[in-house]
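Written out below as structure tokens is the structure these notes cover.
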């Protein structure tokens, strides 16, 4: 069975070691999938102004940073406070197969969608098999 390199394998391993606590720790929940040669990442950024979201790619690392404003809640008696506020960042290492130079991002209703194409040379392709006769080389041939 062939094994393919998953560019998000290290991220999955790291967050798995946290035992699921990252989901409420202020980081951005992320979904990731591949379809038709495009990797899609979706980050939950509820409450973040699109102008306060930054996406950068540098040295094979995608970084998403977002600011969620602190609500004016002076004088309130908190019962539950699970929605993180402040500046949050998440990094995803892009594998060699992904084209970090052609990343696109779109923000809609609190969800940041980032798409990253697979490099054309990294996509599976069919190798042509040439059919024909083989030439025999004689050991005594000096031409």
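Numbering (the working numbering), first residue to last: 4 to 146.
C-beta atoms are modelled at their ideal positions from N, C-alpha and C, and glycine is treated no differently.
- Counting every other CB atom within 10 Å of its CB across the protein chains shown gives residue 67 a total of 16 or more, marking it as buried.
- As for any beta strand (DSSP E) of minimum length 3 sitting wholly inside the stretch 47-73, the runs are 56-61 and 64-71, ordered along the chain.
- By the Cβ neighbour-count rule, residue 127 is exposed, with fewer than 16 other Cβ atoms within 10 Å of its own.
- C-alpha of residue 43 to C-alpha of residue 108: approximately 10 Å in a straight line.
- Residue 94 and residue 64 have their C-alpha atoms some 7 Å from each other.
- Taking C-beta atoms as the reference points, residue 113 and residue 49 count as a pair closer than 7 Å.
- Bridge partners of residue 108 according to DSSP: 117.
- Taking the C-beta atoms as reference points, residue 119 is found no nearer than 7 Å to residue 40.
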